[in-house]
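A.B. asks:
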Amino acid sequence: GAVVSQHPSRVICKSGTSVKIECRSLDFQATTMFWYRQFPKQSLMLMATSNEGSKATYEQGVEKDKFLINHASLTLSTLTVTSAHPEDSSFYICSARDPMAGAWGETQYFGPGTRLLVL
Amino acid sequence: KNQVEQSPQSLIILEGKNCTLQCNYTVSPFSNLRWYKQDTGRGPVSLTIMTFSENTKSNGRYTATLDADTKQSSLHITASQLSDSASYICVVSSGGGNKLTFGTGTQLKVEL
Numbered sequence: 031g032a033v034v035s036q037h038p039s040r041v042i043c044k045s046g047t048s049v050k051i052e053c054r055s056l057d058f059q060a061t062t063m064f065w066y067r068q069f070p071k072q073s074l075m076l077m078a079t080s081n082e083g084s085k086a087t088y089e090q091g092v093e094k095d096k097f098l099i100n101h102a103s104l105t106l107s108t109l110t111v112t113s114a115h116p117e118d119s120s121f122y123i124c125s126a127r128d129p130m131a132g133a134w135g136e137t138q139y140f141g142p143g144t145r146l147l148v149l
Numbered sequence: 084k085n086q087v088e089q090s091p092q093s094l095i096i097l098e099g100k101n102c103t104l105q106c107n108y109t110v111s112p113f114s115n116l117r118w119y120k121q122d123t124g125r126g127p128v129s130l131t132i133m134t135f136s137e138n139t140k141s142n143g144r145y146t147a148t149l150d151a152d153t154k155q156s157s158l159h160i161t162a163s164q165l166s167d168s169a170s171y172i173c174v175v176s177s178g179g180g181n182k183l184t185f186g187t188g189t190q191l192k193v194e195l
């Protein structure tokens with residue numbers, strides 16, 4: 031299956047700093063990527079949908095000025111957590127949509143996740 | 084409102100035993116239903132994906148069933164192994180696969 035990578039796998043930062051997380055589709059071009067957040071023992075929550083070359087679409091309740099998303103190429107989307115605070119500590123997972131998979135096939139491939147800890 | 088409910092919430096079984104996880108959904112329009120395995124601290128990995136016309140699909144020791152009429156799915160794990168310990172998530176997609184509704188998962192622990 032298709033491969034999606036994330037970098038870094040884990041990051042620890044001080045409160046008030048900004049953290050950038052990269053999501054790459056390694057063997058396909060992803061016109062659409064998705065960013066999720068997962069708190070312990072909870073399911074994935076969609077934060078935003080990232081479309082290459084256009085602004086991201088944020089889910090209700092997600093601050094677009096705090097979680098900056100850039101999808102500058104067909105294989106790379108970045109999520110920047112600005113002025114991070116301890117409550118932003120979470121597991122951030124991206125997924126990439128394979129446009130060639132068709133409506134009935136596996137269309138989203140998940141990255142391995144990034145563990146963010148804000149002290 | 085689109086919802087996916089899973090049961091049980093958690094499950095402990097002995098190595099070598101079988102188990103079945105349940106998923107009920109109210110998602111419309113329906114595109115497909117997926118089962119994912121998520122190890123702790125890792126991203127979800129797809130196990131099976133089924134469209135409305137498929138009743139069952141297997142992937143090794145994993146067998147998923149789908150009843151589109153009752154909107155129920157199950158994931159059966161045969162001859163469990165310690166490495167099967169993980170969270171199993173039922174995900175229903177709509178809108179051509181772009182919109183995913185996630186279940187809260189079943190936390191499975193396989194013990195010796």
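One line per chain: the protein sequences are A and B, in this order.
Offset between the first sequence (1-based) and my numbering: plus 30.
Offset between the second sequence (1-based) and my numbering: plus 83.
The beta carbon of each residue, even a glycine, is placed where N, CA and C say it ideally should be.
(1) Say whether chain A places a C-beta atom closer than 8 Å to the C-beta of B/L183.
(2) Could you give the first and the last residue of the continuous beta strand (DSSP E) run that contains B/A147?
(3) How many angstroms separate the CA atom of B/Q92 from the CA atom of A/S80?
(4) Output the boundary residues of the beta strand (DSSP E) element that contains A/R40.
(5) In chain order, what residues of the same chain lie with their CB nearer than 8 Å to the CB of B/Q86, ignoring the 5 residues before and after it?
(6) Quick check on this structure: which residue in A/L56, A/P38 and A/A126 has the alpha carbon closest to the alpha carbon of A/Y66?
(7) How about B/P25: is its C-beta nearer than 8 Å to some C-beta of chain A?
(8) Assign B/P127 to buried or exposed, taking buried as 16 or more other Cβ atoms, counted over all protein chains shown, within 10 Å of its Cβ.
(9) Does any C-beta atom of chain B lie closer than 8 Å to the C-beta of A/G143?
(10) Would you mind reading off the limits of the beta strand (DSSP E) that contains A/R67?
(11) Output the boundary residues of the beta strand (DSSP E) element that contains A/K50.
(12) From A/T110 to A/Q59, what distance separates their C-alpha atoms?
(13) Please confirm if B/P112 has its CB atom under 8 Å from at least one CB of chain A.
(14) Which value, in whole angstroms, describes the spacing of the CA atoms of A/C43 and A/T112?
(15) Would you mind reading off the limits of the beta strand (DSSP E) that contains B/E88?
C.D. replies: On the basis of the data shown:
(1) Contact of B/L183 with chain A is assigned, a C-beta pair being separated by under 8 Å.
(2) Judged by DSSP secondary structure, B/A147 falls within the beta strand (DSSP E) whose first and last residues are Y145 to D150.
(3) Rounded to the nearest angstrom, the two C-alpha atoms are 31 Å apart.
(4) Counted as a single uninterrupted DSSP element, the beta strand (DSSP E) harbouring A/R40 occupies residues R40 to C43.
(5) Non-local beta-carbon contacts of B/Q86 in its own chain, meaning distances under 8 Å to residues more than five positions away in sequence, involve Y108, T109, V110 and T184 in chain order.
(6) A check of alpha carbon separations from A/Y66 across A/L56, A/P38 and A/A126 identifies A/A126 as the nearest.
(7) Any property of residue 25 of chain B remains undetermined from this structure, which presents chain B solely from 84 to 195.
(8) Looking at its Cβ environment, which holds 16 or more other Cβ atoms inside 10 Å, B/P127 is buried.
(9) Output row for A/G143: interface = yes.
(10) Note, A/R67: beta strand (DSSP E), T62 to Q68.
(11) Where A/K50 is concerned, the enclosing beta strand (DSSP E) stretches over V49 to S55.
(12) Taking the Cα positions, A/T110 is about 21 Å away from A/Q59.
(13) Cβ-Cβ to chain A under 8 Å: no for B/P112.
(14) C-alpha of A/C43 to C-alpha of A/T112: approximately 11 Å in a straight line.
(15) For B/E88, the enclosing beta strand (DSSP E) covers residues Q86 to S90.
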